[in-house]
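Residue numbers (our numbering), protein chains in the order written: chain A, 1 to 115; chain B, 116 to 228. Even for Gly, the Cβ is constructed at its ideal location relative to N, Cα and C.
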């Protein structure tokens, strides 16, 4: 079974620029998550999709972050404009269902550095 | 508001001995708990989980214990191996939140050969 794919692996941008990350979940996984992990902290949920609908985006800074999941498969996360405090690893995860006991499966993440 | 806490940032253990990683939580509605292992430059990898209806789950060298009254869980690794050196995150979720997972800040385990 192929894992969660993310690209790019690394990205360096200047503040106020825009950036986009891409995620392809495990085949058949209906639920997709984007997490932000700042150095020294645990992953923090940004947004959760069930198929192509948003389940939870309460912690997504909507003035600068946006995300979509087209056709309930791939997803993109965009930051525009970026701030210095957005420097973090952005992790995409998927699971086979929402609710009930189903672990998350993570990709390797995108490390973003904002200078 | 940190609902899941790992109070030990790091732990060093001799190869062959037991490693015990601890995790505390504050939300009594959490009913599913997981441990993840993370190597540098990789995403977290699912290790083991436990449902709140159990107090112990074992998978090979890894055992997770859950103490609901104390809102505490622990991961035991026996025997510890150098390849176990990684950062370990505990996570918790509650069905009423649609399976949103809350993560601790991680414990860096070093197994000394």
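What residue range does the beta strand (DSSP E) around residue i cover?
i	result
residue 68 of chain A	65-69
residue 49 of chain A	44-50
residue 220 of chain B	It is not in any beta strand (DSSP E) - residue 220 of chain B carries neither H nor E in the DSSP assignment.
residue 129 of chain B	125-129
residue 166 of chain B	160-166
residue 53 of chain A	53-56
residue 112 of chain A	110-114
residue 15 of chain A	Unbroken run through residue 15 of chain A: none, as it is neither H nor E.
residue 60 of chain A	Residue 60 of chain A -> no beta strand (DSSP E), and no H or E assigned at all.
residue 73 of chain A	No beta strand (DSSP E) contains residue 73 of chain A, which DSSP labels as neither H nor E.
residue 84 of chain A	Here residue 84 of chain A belongs to no beta strand (DSSP E), and DSSP marks it neither H nor E.
residue 179 of chain B	177-182
Does any CB atom of chain A fall closer than 8 Å to the CB of residue i?
i	result
residue 220 of chain B	yes
residue 159 of chain B	yes
residue 147 of chain B	yes
residue 215 of chain B	yes
residue 204 of chain B	yes
residue 164 of chain B	yes
Of the residues the options, which one's Cα is nearest the Cα of residue i?
i	options	result
residue 167 of chain B	B:143, B:173, B:154, B:224	B:143
residue 224 of chain B	B:209, B:190, B:216, B:217	B:190
residue 94 of chain A	A:10, A:38, A:7, A:51	A:51
residue 71 of chain A	A:107, A:10, A:59, A:32	A:32
residue 96 of chain A	A:25, A:18, A:19, A:17	A:25
residue 114 of chain A	A:66, A:4, A:12	A:12
residue 68 of chain A	A:20, A:112, A:82	A:20
residue 78 of chain A	A:38, A:112, A:27	A:112
residue 136 of chain B	B:192, B:185, B:206	B:192
residue 151 of chain B	B:179, B:211, B:197	B:179
residue 222 of chain B	B:176, B:204, B:141	B:204
residue 73 of chain A	A:65, A:30, A:6, A:15	A:30
residue 126 of chain B	B:211, B:210, B:208, B:197	B:197
residue 139 of chain B	B:227, B:188, B:173	B:188
Using the DSSP secondary-structure output, state which residues sit across from residue i in a beta bridge.
i	result
residue 139 of chain B	B:120, B:187
residue 91 of chain A	A:35
residue 105 of chain A	A:94
residue 78 of chain A	A:20, A:66
residue 6 of chain A	A:23
residue 206 of chain B	B:149, B:218
residue 201 of chain B	B:224
residue 169 of chain B	Partner(s): none; residue 169 of chain B has no beta bridge.
residue 133 of chain B	Residue 133 of chain B pairs with nothing; no bridge assigned.
Is residue i near the ligand GTP, going by C-beta to nearest heavy atom under 7 Å?
i	result
residue 210 of chain B	Ligands displayed in this structure: none; no statement on the ligand GTP is therefore possible.
Do we get a CB-CB distance below 8 Å when we pair residue i with the residues of chain B?
i	result
residue 42 of chain A	yes
residue 63 of chain A	no
residue 28 of chain A	no
residue 77 of chain A	no
residue 49 of chain A	no
residue 103 of chain A	yes
residue 45 of chain A	yes
residue 106 of chain A	yes
residue 57 of chain A	no
residue 72 of chain A	no
residue 53 of chain A	no
residue 39 of chain A	no
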